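Peer 1: Number 366 marks the last residue of the sequence shown (the working numbering); no jumps.
Glycine included, C-beta positions come from ideal geometry on N, C-alpha and C.
The structure displayed is predicted, hence computed values, not measured ones.
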Amino acid sequence: MNASMDDKLARMLDILRELGRVAVAFSGGVDSTFVLKVALDTLGRDAVVAVTGKSDSVAGDELADANRLADLLGARHVVLETQEFDDPNYLANPTNRCYFCKTELYSRLDAFITQNGLAAIINGVNADDLGDWRPGLIAAAEHRVRAPAAEAGLTKAEIRELSARWGLPTADKPASPCLSSRVQYGEQITPEKLRMIERAERVLHELGVRECRVRHHNNLARIEVPPDQIERLVQPDVRARIDAAFREFGYAYVTIDLRGFRSGSMNEVIAFGRKQPAL
Numbered sequence: 088m089n090a091s092m093d094d095k096l097a098r099m100l101d102i103l104r105e106l107g108r109v110a111v112a113f114s115g116g117v118d119s120t121f122v123l124k125v126a127l128d129t130l131g132r133d134a135v136v137a138v139t140g141k142s143d144s145v146a147g148d149e150l151a152d153a154n155r156l157a158d159l160l161g162a163r164h165v166v167l168e169t170q171e172f173d174d175p176n177y178l179a180n181p182t183n184r185c186y187f188c189k190t191e192l193y194s195r196l197d198a199f200i201t202q203n204g205l206a207a208i209i210n211g212v213n214a215d216d217l218g219d220w221r222p223g224l225i226a227a228a229e230h231r232v233r234a235p236a237a238e239a240g241l242t243k244a245e246i247r248e249l250s251a252r253w254g255l256p257t258a259d260k261p262a263s264p265c266l267s268s269r270v271q272y273g274e275q276i277t278p279e280k281l282r283m284i285e286r287a288e289r290v291l292h293e294l295g296v297r298e299c300r301v302r303h304h305n306n307l308a309r310i311e312v313p314p315d316q317i318e319r320l321v322q323p324d325v326r327a328r329i330d331a332a333f334r335e336f337g338y339a340y341v342t343i344d345l346r347g348f349r350s351g352s353m354n355e356v357i358a359f360g361r362k363q364p365a366l
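1) Does DSSP put residue 257 in a helix, a strand or coil?
2) Taking residue 147 as the reference, give the member of 100, 288, 117 with the closest Cα.
3) Would you mind working out which of 125, 252, 198 sits nearest residue 210, comparing C-alpha positions?
4) Can you grab the Cα-Cα spacing for the pair residue 274 / residue 107, in whole Å?
5) Is residue 117 near residue 137, with beta carbons less than 8 Å apart?
6) Assuming residue 226 and residue 186 make a contact with CB atoms under 8 Å, what is their CB distance in whole Å?
7) For residue 103, does the count of other Cβ atoms within 10 angstroms reach 16, so buried, or fall short, so exposed?
8) When you compare the stretch 291 to 310 with the stretch 189 to 207, are there three or more beta-carbon pairs, one atom per stretch, that lie closer than 8 Å?
9) Between which two residues does the alpha helix (DSSP H) containing residue 300 stretch?
10) Just to confirm my understanding: we take residue 195, look at its own chain, exclude 5 residues before and 5 after, and list those with CB closer than 8 Å. What are they?
11) By DSSP, does residue 140 sit in helix, in strand, or in coil?
12) Quick one: is residue 193 buried, meaning 16 or more other Cβ sit within 10 Å of its Cβ, or exposed?
13) Output needed for residue 341: all residues of its chain with C-beta closer than 8 Å, excluding positions within five of it in sequence on either side, in chain order.
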């Protein structure tokens, strides 16, 4: 018999109690906010620290949101500067780029938990993530990072449902992976390109498009929005505003992907069939 959502939650609480004092790798997204909330409620404020990595790959709005959410939950919040841009492996942007980013983050978190008397690092990975292309999970396994939600079997939909039940403002928050995930594999990652992407997506947000991606292909910007938003973006006045802004940011060509928004579309060019190691 499949476990119920509440049974899975109970299992997650048991896992957290076994760990005791933890650092939560906290991005301010749906999953890590949920994990932070559960950890605080289960272990108490003194036993939990939310830790957010800061680098050129993190949008300023996302960092501000993480600060706001940690404060809302009453969590101690630490921002660590990470140096993945010093790693040529990361800058080369291979298909396992996330491995190098997460290795940098978890290496710094290893030192942090030792210095602060914490027992473990935990993250917001959910059960659905385990079958996706996520090289960062390999880095997590190498650094003995625990994923209490995934270990308990909680899915993304269940995490959203529980978040809504508890009134968390992230219950319906769109996913927002790092800015580097917008750059086509094999194209060098630079802070300048990430600022172009960040500014371009902010234009779309200001137009009221909540869920979007600006995919970076050299001097071409490929916009992904939900299919029902495409017609609005091609209205003459909106189209002209987007085109002018994106060209100002440095794009020579601006396109709209007719297939619409889909998370992880950059992975469509690589081979699948490889599940991540079980946690």
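Peer 2: The short version:
1) In the structure shown, residue 257 adopts coil according to DSSP, grouped into three states.
2) The alpha carbon of residue 147 has as its nearest neighbour, out of 100, 288, 117, the alpha carbon of 288.
3) Ranking 125, 252, 198 by Cα distance to residue 210 puts 125 first.
4) Cα to Cα, the separation comes out at about 42 Å.
5) Taking 8 Å as the Cβ cut-off, residue 117 and residue 137 do not qualify as a contacting pair.
6) With a Cβ gap of about 5 Å, residue 226 and residue 186 count as contacting.
7) Here residue 103 is buried, its C-beta having at least 16 other C-beta atoms within 10 Å.
8) Contact fails: fewer than three Cβ-Cβ distances are below 8 Å.
9) That residue, residue 300, is in no alpha helix (DSSP H); its beta strand (DSSP E) goes 300 to 304.
10) A distance below 8 Å between beta-carbons, with the five flanking residues on each side excluded, links residue 195 to the following residues of its chain, in chain order: 140, 167, 169.
11) Strand, per DSSP.
12) Burial state of residue 193 is buried, judged by a 10 Å Cβ sphere holding 16 or more other Cβ atoms.
13) Once the five neighbours on either side are set aside, the close Cβ partners of residue 341 are 307, 308, 310, 329, 330, 333, 334.
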